Amino acid sequence: MHFGTLRIAKPLAIIYEPKQKKMREYKVETLIYYSKITTDSNHIAKSSQKEIQEKLNEYSKQGYKLTSTDATHFGFAVYIYLYFEKEV
């Protein structure tokens, strides 16, 4: 069961790398999923796969690359963080 997505609309950071003479823009996408009573221990992985792929496609079309991921849980919620970057 998915109750919503928290989005940070503005870039997380824009960093200039003088050695590479490049600027990079970073964004983070946070997806929140809630556990439910079921015998399927993989229900969150199965139900989130489509939305995560859609986010990857969306950011890829904007020129971003997925650079890192992280996940944590609190109570019945699982938080999935997708970190993106692109050259600007």
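Under this note's numbering, the residue at position 55 of the sequence shown is numbered 42, and the numbers go up by one with no gaps.
All C-beta atoms, glycine included, are put in the ideal place defined by N, C-alpha and C.
Computed from a predicted structure; not experimentally measured.
For Tyr51, three-class secondary structure by DSSP: coil
Supposed contact pair Val75 and Tyr20 - C-beta distance, whole angstroms, cut 8 Å: With 8 Å as the limit, Tyr20 and Val75 do not qualify as a contact, their Cβ atoms being about 31 Å apart.
Cβ-Cβ distance between His30 and Lys37 below 8 Å: no
Close-in-space but distant-in-sequence residues of the same chain around Thr59 (CB under 7 Å, 5 per side omitted): Tyr66
C-beta neighbour in chain C for Glu72, strict 8 Å: Going by chain labels, chain C is absent from the structure shown, which holds only one protein chain.
Given Gly50 as reference, the closest of Phe71, Thr17, Glu41 once Cα atoms are compared: Phe71
Close beta carbons around Thr25, own chain, < 8 Å, minus the five adjacent residues each side: Within the same chain, Thr25 has no close Cβ partners at all.
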